Amino acid sequence: MATSSITRPRIVLCYPVESRHFARIEQQLSDIGIDAELIDAGQQHIADELLQADIYCGHAKVPVPWPEVVAQGRLQWIQSSAAGMDHCLTPEVVASDIVVTSASGVLADQVAEQTFALLFGLLRSLPVFFRAQQAHEFVRLPTRDLHRARVGIVGFGGNGRRLAEVLAPFRCELIATDLFPHDKPETVSQLLPAEALDGLLPTLDVLILTAPLTDQTCGMFDADRLARLPSHALLINVARGAIVQEKALVEALAAGRLAGAGVDVTEIEPLDPASPLWDLPNVIITPHVGGQAATRIDDMTEFFCTNLRRFFSRQPLRNLVDKTLGFPRPEDAAWRIPGGQ
């Protein structure tokens, strides 16, 4: 339960709001009778503005002095504008009383579409055909099917569940694993605990990663785990790059121990121009655009407005992050309620 005794809160934003988003937040504050100072810090000023913030909504992509921010004792609540929380869950924030909420599930439609782009590109041999097109060659090769494939989804939060919904009409066999294997929807045939992953991998045609980056998931797909996948399997990563060890992935792909990979995220971003991933013929790389959408900032602003109302009325916040886990527990997740309201 979020509480607030701030008389005139200073709310600092650090996501790409336009004037209409700024006005929408101001209107929400007015509607709930809150007189607040609203600051659009942007990336340029966020490090300084955070030191005087009571509430912060955004995703700083520049260094932020989190120890100093916490030491100020002023910041009460962080609303991340991203699903991933590694940008703000520093040890100091985790140990503090600061309430943290995520954007988990807010951009699930876009992540699902990005997954489809990568997956169909590999299944239908688009890298081969694109190269042939550039060479003005008419090359016909066998392609693969998504229908009736056995697909595993690792991480079954907002993004994973939405992905299962859009995959289900393709009559795939969908199996998911999660740290909290509860509330299995009809879209998946099985929802397994996280420890069942290694036994699942050898049975899959496609593996899709939608898990959060935490101490437990960082580097979890190393050479040994990748080797558990059959050689015909495809790996799609729309989660966080550091979940997969790049060197092990390159070696598996180059040796033919893995049929292909579609990655929207890489272990280090931007991906090093010298990385062998760029030149592997069975890889599709996109530059971390899975959450991009025409309505992205609109959707994020509406979610923030919902949580603002709940914060000042002392109601439970949507997507309240368990800071020891690094993501919301299922009972606090926005995906449990249509629209996250």
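Numbering of the sequence shown is given in the working numbering, commencing with residue 59 and proceeding in unit increments.
We treat Cβ as the ideally placed atom computed from N, Cα and C, and that holds for glycine.
Because the structure is a prediction, the values reported are computed rather than measured.
Roughly how many angstroms separate the alpha carbons of residue i and residue j, rounded to a whole number?
i, j, result
"Thr261", "Arg206", "13 angstroms"
"Gln134", "Thr65", "13 angstroms"
"Ala392", "Arg220", "12 angstroms"
"Val401", "Ser138", "The displayed coordinates of the chain run from 59 to 399. Any statement about residue 401 would go beyond what the structure contains."
"Val296", "Ala193", "30 angstroms"
"Ala381", "Val152", "Looking at the sequence itself, residue 381 is Lys, so the reference to Ala does not match. For Lys381 and Val152, the distance between alpha carbons rounds to 6 angstroms."
"Pro288", "Cys363", "46 angstroms"
"Asp280", "Pro339", "21 angstroms"
"Arg78", "Asp357", "13 angstroms"
"Pro331", "Phe188", "21 angstroms"
"Trp124", "Arg367", "26 angstroms"
"Glu389", "Phe196", "53 angstroms"
"Ala291", "Val264", "5 angstroms"
"Met59", "Leu147", "In this prediction, Met59 has a pLDDT of 45, which is less than 50 and means its spatial position is unreliable; nothing more can be read from the coordinates."
"Gly398", "Ala170", "Below a pLDDT of 50, predicted positions are generally treated as unreliable, and Gly398, at 43, falls in that range; the measurement from the model is reported next regardless. Going from the Cα of Gly398 to the Cα of Ala170 covers about 18 angstroms."
"Leu180", "Asp337", "15 angstroms"
"Val75", "Phe369", "21 angstroms"
"Arg376", "Gly215", "13 angstroms"
"Met278", "Pro251", "15 angstroms"
"Val186", "Glu327", "25 angstroms"
"Thr61", "Pro374", "Reliability of the predicted coordinates at Thr61 is poor, the pLDDT of 48 falling under 50, and the value obtained from them is presented with this limitation in mind. Approximately 9 angstroms between the Cα atoms of the pair."
"Val323", "Gly131", "34 angstroms"
"Leu255", "Val212", "8 angstroms"
"Ala312", "Arg182", "20 angstroms"
"Ile301", "Glu231", "24 angstroms"
"Arg283", "Leu316", "12 angstroms"
"Val122", "Ala81", "26 angstroms"
List the DSSP bridge partners of residue i.
i, result
"Ala319", "Leu293, Val341"
"Trp135", "Ile113, Val157"
"Gly213", "Looking at the DSSP assignment, Gly213 forms no beta bridge with any residue, so it has no partner."
"Phe279", "Val302"
"Arg231", "In the sequence on display, residue 231 carries Glu and not Arg. According to DSSP, which records beta bridges pairwise, Glu231 is partnered with Arg208."
"Val379", "Pro386"
"Pro251", "Asp236"
"Glu95", "Arg68"
"Ile266", "Ile211, Ile294"
Buried or exposed for residue i, going by 16 or more other Cβ atoms inside 10 Å?
i, result
"Pro396", "Because Pro396 carries a pLDDT of 47, less than 50, the predicted location of this residue cannot be relied on, and no value is offered for it."
"Pro227", "exposed"
"Ser162", "buried"
"His240", "exposed"
"Glu325", "buried"
"Ala111", "buried"
"Thr201", "exposed"
"Asp98", "buried"
"Gly318", "buried"
"Val120", "exposed"
"Leu267", "buried"
"Arg298", "buried"
"Thr359", "buried"
"Ser160", "buried"
"Pro243", "exposed"
Against chain C, with Cβ distances strictly below 8 angstroms, would residue i count as a contact?
i, result
"Trp135", "In the displayed structure, chain C is absent; only one protein chain is listed."
Return the chain-ordered ranges of every beta strand (DSSP E) run that is complete within the segment 61-92 and spans a minimum of 3 residues. 68-72
Below 8 angstroms, how does it come out for the segment 126-144 and the segment 262-281: are there three or more Cβ pairs, yes or no? yes
Counting Cβ pairs, one atom from each stretch, are 3 or more of them under 8 angstroms apart for the segment 67-79 and the segment 99-115? yes
Quick check: the segment 228-235 against the segment 341-352, are at least 3 beta-carbon pairs closer than 8 angstroms? no
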